[in-house]
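Residue numbers (my numbering): 0 to 377.
Okay, here's the thing in structure tokens:
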């Protein structure tokens, strides 16, 4: 794949400090990020000069387990920001030796460096303390799109250990800095800046998320015999299905439909939404041409069936857009199948329209059948 360059990483390595913005959350908060393994006295002094936020440390599940960390009895509501996004916190820690009160810059530096050591040594820490470890999800921003996961991903991508300091950027009143104030701060302090969306896109472009685990010929009622391929997600274990007609060429456009799982309607039919009819219509369209791919993506989060039934009980169309992670999984599967130029079957022009960073090009789009029940979906 032709991944876009990610200049933030090299700048972050040189500077030792950067700004990570949550461009998805309405509050648009941002944090200072530093790798615990890399941070020194001068960098930590800059952190506390710039922001009065609470020092949090994002740790991988494996590192937290190695340190024998115990969770707080409830999520850390209020810790780490003015409004208080709830994180699952571990009990706070200090270094066992080499510190005095634990609150000075040198004391906190000692604790941070221990948290970032290549080999975690739980005997070097005591509880409670003045540094607040935060739990993260395995898989980082590709599993949970949040600032702790983002900070940890940045540290690891930059070649450091799996422990990252993050401190909220706050104004004089203790509120989050606005995006414009964040930009001014970055210029004044010469700090590289990135967003959760940029980080997520970079990981999707550069890391394999699926592996092909099975393939076979599959007879279908709508189209006849197709080749079927099963791809397993490395992130959550779910399996996705690709149905292929003909020989896929990297030169010739291939008719492609990407469809998200919608269990209730896919299996039992109906017109709310009409996904079962859409599946058959797309398979017939693919069957009429020389080549084609029907990609059926399974949901990557729990609870989607409950949400579908709940939406149906309310008499409103369920919302089922592709999220960024599912977008990347679909692109990686198409690339693995040999597709490079695709004609997209969709009624929504924005669907998978920007795929160049994944090595794919949408050369044209073809609308699904325009029956009345199709218009709100696609």
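For each residue, glycine too, the CB sits at the ideal point set by N, CA and C.
*Determine, using beta-carbon pairs with one atom in the stretch 284-301 and one in the stretch 210-229, whether at least three such pairs fall under 8 Å.*
yes
*Looking at the unbroken beta strand (DSSP E) that takes in residue 189, where does it start and where does it end?*
Here residue 189 corresponds to residue number 190 of the chain shown, with the count starting at 1. Neither: residue 189 is in no beta strand (DSSP E) and is coded neither H nor E.
*What is the DSSP secondary structure of residue 167, reduced to helix, strand or coil?*
Residue 167 sits at position 168 when you count from the first residue of the chain shown. Residue state, collapsed to three classes: strand.
*Can you tell me whether DSSP reads residue 233 as helix, strand or coil?*
Along the chain shown, one-based indexing puts residue 233 at 234. Residue 233 falls in the coil class under three-state DSSP.
*asked:* Pull the bridge partners of residue 89 from the DSSP assignment, please.
replied: Counted from its first residue, the chain shown places residue 89 at position 90. Note: residue 89 sits in a beta bridge opposite 70.
_Please tell me whether residue 228 and residue 354 are closer than 8 Å, where the distance is taken between their beta carbons._
The residue you call residue 228 lines up with position 229 of the chain shown. The residue you call residue 354 lines up with position 355 of the chain shown. No.
*Following the continuous alpha helix (DSSP H) through residue 285, name the residue where it begins and the one where it ends.*
Within the chain shown, residue 285 is the residue found at index 286, counting from 1. Here the alpha helix (DSSP H) through residue 285 covers 274-286.
_As assigned by DSSP and simplified to three states, the class of residue 357_ = On the chain shown, position 358 is the one that residue 357 refers to. Residue state, collapsed to three classes: helix.
*Could you check the C-alpha separation between residue 333 and residue 28 for me, to the nearest Å?*
The residue you call residue 333 lines up with position 334 of the chain shown. The residue you call residue 28 lines up with position 29 of the chain shown. The alpha-carbon atoms of residue 333 and residue 28 are separated by roughly 35 Å.
*Terminal residues of the continuous beta strand (DSSP E) containing residue 116?*
The residue labelled residue 116 in the question sits at position 117 within the chain shown. Taken as a continuous stretch (DSSP letters only), residue 116 belongs to no beta strand (DSSP E), as it is neither H nor E.
*For residue 6, which option in 193, 259, 115 has the closest C-alpha, if you only look at C-alpha atoms?*
Working through the chain shown from its first residue, we reach residue 6 at position 7. Nearest of 193, 259, 115 to residue 6, Cα basis: 193.
*Under a three-way DSSP split, which group does residue 297 fall into?*
For the purposes of this step, residue 297 is taken as residue 298 along the chain shown, with counting starting at 1. The answer is coil: DSSP assigns residue 297 none of H, G, I, E or B.
*Can you grab the Cα-Cα spacing for the pair residue 45 / residue 103, in whole Å?*
By 1-based counting over the chain shown, the position of residue 45 is 46. By 1-based counting over the chain shown, the position of residue 103 is 104. In a straight line, the C-alpha of residue 45 is about 13 Å away from that of residue 103.
*Select from 63, 155, 173, 17 the residue whose C-alpha is nearest the C-alpha of residue 133.*
Within the chain shown, the letter at position 134 stands for residue 133. The residue with the shortest Cα to Cα distance from residue 133 is 63.
*Alpha carbon to alpha carbon, what distance is there between residue 264 and residue 278?*
For the purposes of this step, residue 278 is taken as the residue at position 279 of the chain shown. For the purposes of this step, residue 264 is taken as the residue at position 265 of the chain shown. Distance between the alpha carbons of residue 278 and residue 264 is about 11 Å.
*Below 8 Å on the Cβ atoms is my guess for residue 416 versus residue 150; work out the distance and round it to an integer in Å.*
The structure shown does not extend to residue 416, since the chain is modelled only from 0 through 377, so no value can be given for it.
*Which two residues bound the contiguous beta strand (DSSP E) that contains residue 216?*
Sequence index remark: in the chain shown, residue 216 carries index 217 (1-based). Looking at the DSSP string, the run of the beta strand (DSSP E) that includes residue 216 is 209-219.
*Taking C-alpha atoms, which residue in 261, 340, 260, 188 lies nearest to residue 249?*
Here residue 249 is taken as the residue at index 250 of the chain shown, counted from 1. If we check each option's Cα against that of residue 249, 340 comes out closest.
_Exposed unless 16 or more other CB atoms sit within 10 angstroms - verdict on residue 61_ = Taking the chain shown and counting its residues from 1, one reaches residue 61 at position 62. The residue is exposed, with fewer than 16 neighbouring Cβ atoms inside 10 Å.
*Could you spell out the range, first to last residue, of the alpha helix (DSSP H) harbouring residue 124?*
Against the chain shown, residue 124 aligns to sequence position 125. Not the alpha helix (DSSP H): residue 124 falls in the beta strand (DSSP E), residues 124-134.
*asked:* Does residue 312 pass the burial test, meaning 16 or more other C-beta atoms within 10 Å, or should it be called exposed?
replied: On the chain shown, position 313 is the one that residue 312 refers to. Its Cβ having fewer than 16 others within 10 Å, residue 312 is exposed.
*Is it true that the CB of residue 239 sits closer than 8 Å to the CB of residue 156?*
Numbered from 1 along the chain shown, position 157 holds the residue referred to as residue 156. Numbered from 1 along the chain shown, position 240 holds the residue referred to as residue 239. No, they are not a contact pair.
_Cβ contact (3+ pairs, closer than 8 Å) linking the stretch 49-59 and the stretch 198-218_ = no
*Can you tell me the Cα-Cα spacing of residue 198 and residue 211, whole angstroms?*
If you number the chain shown from 1, residue 198 lands on position 199. If you number the chain shown from 1, residue 211 lands on position 212. Their Cα atoms are separated by approximately 25 Å.
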